[in-house]
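**Student:**
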Amino acid sequence: MHGHYLQKLAQAHTQGRVLGITSVCSAHALVIEAALRNGKDGTAPVLIEATCNQVNHEGGYTGMTPTDFQRFVLEIAGRVGFDPERLILGGDHLGPNPWKHLPPQQAMLNAERMLEAYARAGFRKIHLDTSMACLGENDPLDGALVAGRAARLAAVVERTVNEAGLPPPFYVIGTEVPVPGGASEKVEDLQVTTAQSALETIELHRQAFLSKGLNSVFARVIGLVVQPGVEFGNENVVVYQPEKAQQLSALLQGEPQLVFEAHSTDYQPTAALQHLVRDGFAILKVGPGLTFALREALYALDHIAAAMRPLPEHESLRSTMESLMLAEPHYWDHYYHGDDAARRVQRHFSYSDRIRYYWPFAAASRAVEAMFSAFGDEPIPETLVSQYLPQLYPYVASGQADSSARSLVLAAIGQVLAQYQAACGE
Numbered sequence: 010m011h012g013h014y015l016q017k018l019a020q021a022h023t024q025g026r027v028l029g030i031t032s033v034c035s036a037h038a039l040v041i042e043a044a045l046r047n048g049k050d051g052t053a054p055v056l057i058e059a060t061c062n063q064v065n066h067e068g069g070y071t072g073m074t075p076t077d078f079q080r081f082v083l084e085i086a087g088r089v090g091f092d093p094e095r096l097i098l099g100g101d102h103l104g105p106n107p108w109k110h111l112p113p114q115q116a117m118l119n120a121e122r123m124l125e126a127y128a129r130a131g132f133r134k135i136h137l138d139t140s141m142a143c144l145g146e147n148d149p150l151d152g153a154l155v156a157g158r159a160a161r162l163a164a165v166v167e168r169t170v171n172e173a174g175l176p177p178p179f180y181v182i183g184t185e186v187p188v189p190g191g192a193s194e195k196v197e198d199l200q201v202t203t204a205q206s207a208l209e210t211i212e213l214h215r216q217a218f219l220s221k222g223l224n225s226v227f228a229r230v231i232g233l234v235v236q237p238g239v240e241f242g243n244e245n246v247v248v249y250q251p252e253k254a255q256q257l258s259a260l261l262q263g264e265p266q267l268v269f270e271a272h273s274t275d276y277q278p279t280a281a282l283q284h285l286v287r288d289g290f291a292i293l294k295v296g297p298g299l300t301f302a303l304r305e306a307l308y309a310l311d312h313i314a315a316a317m318r319p320l321p322e323h324e325s326l327r328s329t330m331e332s333l334m335l336a337e338p339h340y341w342d343h344y345y346h347g348d349d350a351a352r353r354v355q356r357h358f359s360y361s362d363r364i365r366y367y368w369p370f371a372a373a374s375r376a377v378e379a380m381f382s383a384f385g386d387e388p389i390p391e392t393l394v395s396q397y398l399p400q401l402y403p404y405v406a407s408g409q410a411d412s413s414a415r416s417l418v419l420a421a422i423g424q425v426l427a428q429y430q431a432a433c434g435e
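The C-terminal residue of the sequence shown carries number 435 in our numbering, and the numbering is unbroken.
Next comes the structure, spelled out in structure tokens:
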């Protein structure tokens, strides 16, 4: 069913029907739980993706291999009663990116091992991204070289699934987006991918797959990553303008097996998400926007806790996160600019949401768990929900939502996901 669903996206677009899928790009347990809870009552699959830097055969920055990540997601699915048959696991930007400081040959050997690990763990949606220059190479790389490397990695995946007796996966190619992790600074004047450039990418990959005897595999390429003109920086969001992507969108009429995959769709208004899907950008990736909602809800609970039983400031969650980020600055210091006050605001409240890298740290997870334990399963007074989580107040006041601390966090993430579900016609 899953693969069939991914192929149905292009069929639907060709027939003028609105059908998309949300790609949840996060390794945070609460984000994954919210996604599975939100998708539980529908019929569409839930797509959860891991990136090459987060999860790889060496453990990535989460410490998880693809098999670990698969187990982690299945354990959450079991806990919330989500049917694992409706789960699609994807791998994002899979290629030499984590090893680009090495010579190309070594970087590609590492990429091959990573793709093999993803394939063996049952990931069904594979985004091949070999666009990055490795040690000693000129940037940007020649398009034919990029396509050749992508085909080489596809061959590894095919061999692995054949040997393991697993169902064949589906592929996404191309990479007209910032590096994994997102843009920094203020984003201005985005160049939408030209139709000519997109057609060239498709043709180069078609030839590369053909030259490796992978023509039947190319039939399972379901998506192309392009830049539709959406992005976010630390302080601003560039909203989709359909008229700028008209020519790009039109090329899908001649490529009936493909839809576009849009990265960095975080923080787009609901109408923009709906227009993206209508225009063939049927795979909508979101990650930082979900952990941003998570952080907003956790910080709101921090304020509620202080209102209910005053604590010393240094015991607040905000204070714990600030100490942690100052002690371990490598995830934010190259990305945030300005004076001390500006950087302090960005550390906690930036659209780039680089605070998301700190939630897995022991000090952070202890502080969050301590807060959840202190609240327990008791309902939080409606008036405090109104003050600190006003977007959830109508649901709590009307009895549609439970106001325990944990439920409020899941509901805050769920609200963002509901915008995507609406846009995808789910």
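Backbone N, C-alpha and C fix where the C-beta goes; we use that ideal spot for every residue, glycine too.
Because the structure is a prediction, the values reported are computed rather than measured.
Beta carbon of residue 66, beta carbon of residue 156: below 7 Å?
**Tutor:** As a working mapping, residue 66 is identified with position 57 in the sequence shown. As a working mapping, residue 156 is identified with position 147 in the sequence shown. In this structure, residue 156 does not lie closer than 7 Å to residue 66 by Cβ.
**Student:** Give, in chain order, every unbroken run of the beta strand (DSSP E) that is at least 3 residues long and sits entirely within the stretch 321-348.
**Tutor:** none
**Student:** Use the C-beta contact count for residue 136: other C-beta atoms within 10 angstroms, 16 or more gives buried, fewer gives exposed.
**Tutor:** Here residue 136 corresponds to residue number 127 of the sequence shown, with the count starting at 1. It is buried - the Cβ of residue 136 has at least 16 other Cβ atoms within 10 Å.
**Student:** Taking contact to mean at least 3 C-beta pairs separated by less than 8 Å, is the stretch 405-417 in contact with the stretch 290-304?
**Tutor:** no
**Student:** Specify whether the stretch 377-384 and the stretch 351-362 touch according to this definition: at least 3 beta carbon pairs, one from each stretch, less than 8 Å apart.
**Tutor:** no
**Student:** Would you identify the three-state DSSP class for residue 15, choosing helix, strand or coil?
**Tutor:** To locate residue 15, count along the sequence shown from 1; it is residue 6. DSSP places residue 15 in helix when its eight states are reduced to three.
**Student:** Quick check on the burial criterion: 16 or more other C-beta atoms within 10 angstroms. Buried or exposed for residue 26?
**Tutor:** As a first step, residue 26 must be located in the sequence shown, where it is residue number 17. Per the 10 Å Cβ criterion, exposed.
**Student:** Looking only at its own chain, which residues have a Cβ that is under 6 Å from the Cβ of residue 21, when we skip the five neighbours before and after it?
**Tutor:** Translated into positions along the sequence shown, residue 21 becomes position 12. Excluding positions up to five away in sequence, the list reads 28.
**Student:** Tell me which residue opens and which closes the alpha helix (DSSP H) that residue 273 is part of.
**Tutor:** For this step, residue 273 is matched to residue 264 along the sequence shown. Where residue 273 is concerned, there is no enclosing alpha helix (DSSP H), given that its DSSP letter is neither H nor E.
**Student:** Can you look up residue 59 in the DSSP assignment and give me helix, strand or coil?
**Tutor:** Sequence index remark: in the sequence shown, residue 59 carries index 50 (1-based). Looking at residue 59 - three-state DSSP - the assignment turns out to be strand.
**Student:** Using only alpha-carbon positions, find the residue among 83, 209, 396 and 69 that is nearest to residue 107.
**Tutor:** On the sequence shown, position 98 is the one that residue 107 refers to. Considering only alpha carbons, the answer is 69.
**Student:** Consult DSSP for residue 109 and reduce its assignment to one of helix, strand or coil.
**Tutor:** Against the sequence shown, residue 109 aligns to sequence position 100. Coil.
**Student:** Take the Cβ of residue 332 as the centre, count every other Cβ of all protein chains shown within 10 Å, and call the residue buried at 16 or more, exposed below.
**Tutor:** As a first step, residue 332 is located in the sequence shown; it is residue number 323 there, counting from the start. Around the beta carbon of residue 332, a 10 Å sphere encloses fewer than 16 other beta carbons of the protein chains shown; the residue is thus reported as exposed.
**Student:** Out of 175, 63, 171 and 35, which one is the CA nearest neighbour of residue 275?
**Tutor:** For this step, residue 275 is matched to residue 266 along the sequence shown. Comparing Cα-Cα distances from residue 275 to each of 175, 63, 171 and 35, the minimum goes to 35.
**Student:** Run the CB neighbour count on residue 417, radius 10 Å, all protein chains shown included, and call it buried at 16 or more, exposed below.
**Tutor:** Walking along the sequence shown from the start, residue 417 turns up at place 408. Under this definition residue 417 is a buried residue.
**Student:** Measure the C-alpha to C-alpha separation of residue 79 and residue 130 and round it to an integer number of angstroms.
**Tutor:** Looking up residue 79 in the sequence shown gives position 70. Looking up residue 130 in the sequence shown gives position 121. For residue 79 and residue 130, the distance between alpha carbons rounds to 7 Å.
**Student:** Identify, in the order they occur along the chain, each residue of the same chain with its Cβ nearer than 7 Å to the Cβ of residue 429, setting aside the five sequence neighbours on each side.
**Tutor:** Translated into positions along the sequence shown, residue 429 becomes position 420. Closer than 7 Å at Cβ, skipping near neighbours: 31, 282, 293 and 295.
**Student:** Roughly how many angstroms lie between the CA atoms of residue 17 and residue 132, to the nearest whole one?
**Tutor:** Residue 17 sits at position 8 when you count from the first residue of the sequence shown. Residue 132 sits at position 123 when you count from the first residue of the sequence shown. Between residue 17 and residue 132, the C-alpha separation is close to 18 Å.
**Student:** Under three-state DSSP, which class holds residue 201?
**Tutor:** Along the sequence shown, read from residue 1 onward, the residue named residue 201 stands at position 192. Secondary structure of residue 201 (DSSP, three-state): coil.
**Student:** Once the 5 residues before and after residue 188 are set aside, which same chain residues still bring their CB inside 6 Å of it?
**Tutor:** Against the sequence shown, residue 188 aligns to sequence position 179. Confidence in residue 188 is poor, its pLDDT being 48 and thus under 50, which makes the residue's placement unreliable; the coordinate value appears in the next sentence. Closer than 6 Å at Cβ, skipping near neighbours: no residue.
**Student:** I'd like to check one pair, residue 226 with residue 173: are the Cβ atoms closer than 7 Å?
**Tutor:** Numbered from 1 along the sequence shown, position 164 holds the residue referred to as residue 173. Numbered from 1 along the sequence shown, position 217 holds the residue referred to as residue 226. At the C-beta level, residue 173 and residue 226 stay beyond 7 Å of one another.
**Student:** What do you reckon, are the CB atoms on residue 199 and residue 240 nearer than 7 Å?
**Tutor:** Walking along the sequence shown from the start, residue 199 turns up at place 190. Walking along the sequence shown from the start, residue 240 turns up at place 231. Closer than 7 Å, so yes.
**Student:** Residue 233 and residue 182: beta carbons closer than 7 Å?
**Tutor:** Residue mapping note: residue 233 aligns to position 224 of the sequence shown, counting from 1. Residue mapping note: residue 182 aligns to position 173 of the sequence shown, counting from 1. A contact, by the Cβ cut-off of 7 Å.
**Student:** To the nearest angstrom, how far is the alpha carbon of residue 140 from that of residue 178?
**Tutor:** Along the sequence shown, one-based indexing puts residue 140 at 131. Along the sequence shown, one-based indexing puts residue 178 at 169. Answer to the nearest angstrom: the Cα atoms are 21 Å apart.
**Student:** So the candidates are 104, 161, 397 and 100; which of them puts its Cα closest to the Cα of residue 116?
**Tutor:** On the sequence shown, position 107 is the one that residue 116 refers to. Cα-wise, what sits closest to residue 116 is 104.
**Student:** Quick check: the stretch 420-428 against the stretch 40-57, are there 3 or more CB pairs under 8 Å?
**Tutor:** These segments touch.
**Student:** Secondary structure at residue 101, three-state DSSP: helix, strand or coil?
**Tutor:** Residue mapping note: residue 101 aligns to position 92 of the sequence shown, counting from 1. Strand, per DSSP.
**Student:** Among 288, 86 and 244, whose alpha-carbon lies nearest the alpha-carbon of residue 259?
**Tutor:** Locating residue 259 in the sequence shown gives position 250, where the first residue counts as 1. Nearest option by C-alpha distance: 288.
**Student:** Measuring only the C-alpha atoms, how far is residue 144 from residue 376?
**Tutor:** Sequence index remark: in the sequence shown, residue 144 carries index 135 (1-based). Sequence index remark: in the sequence shown, residue 376 carries index 367 (1-based). Cα-Cα distance, rounded: 41 Å.
**Student:** When you compare the CB positions of residue 75 and residue 126, do they come within less than 7 Å of one another, or not?
**Tutor:** Taking the sequence shown and counting its residues from 1, one reaches residue 75 at position 66. Taking the sequence shown and counting its residues from 1, one reaches residue 126 at position 117. Their beta carbons are under 7 Å apart, which means residue 75 touches residue 126 by this criterion.
**Student:** According to the neighbour-count rule (16 or more other Cβ atoms, all chains shown, within 10 Å of its Cβ), is residue 138 buried or exposed?
**Tutor:** As a working note, residue 138 is residue 129 in the sequence shown. The residue is buried, with at least 16 neighbouring Cβ atoms inside 10 Å.
**Student:** Can the beta-carbon of residue 97 be found less than 7 Å from the beta-carbon of residue 41?
**Tutor:** On the sequence shown, position 88 is the one that residue 97 refers to. On the sequence shown, position 32 is the one that residue 41 refers to. No, the Cβ-Cβ distance between residue 97 and residue 41 is not below 7 Å.
**Student:** What did DSSP end up calling residue 31 once you bin it into helix, strand or coil?
**Tutor:** Within the sequence shown, residue 31 is the residue found at index 22, counting from 1. In the structure shown, residue 31 sits in a strand (DSSP, three-state: E or B).
**Student:** Less than 7 Å between the beta carbons of residue 436 and residue 197, yes or no?
**Tutor:** Outside the shown range of the chain (10 to 435) lies residue 436, about which nothing can therefore be said.
**Student:** Could you name the residues of the same chain whose beta carbon sits closer than 6 Å to that of residue 128, not counting the 5 residues immediately before and after it, in chain order?
**Tutor:** What you label residue 128 is simply residue 119 of the sequence shown in a count that begins at 1. So the qualifying residues of the chain are 166, 169 and 170.
**Student:** What is the DSSP secondary structure of residue 2, counted as helix, strand or coil?
**Tutor:** Summary: the structure shown does not reach residue 2, with the chain confined to residues 10 through 435, and so no result is reported for it.
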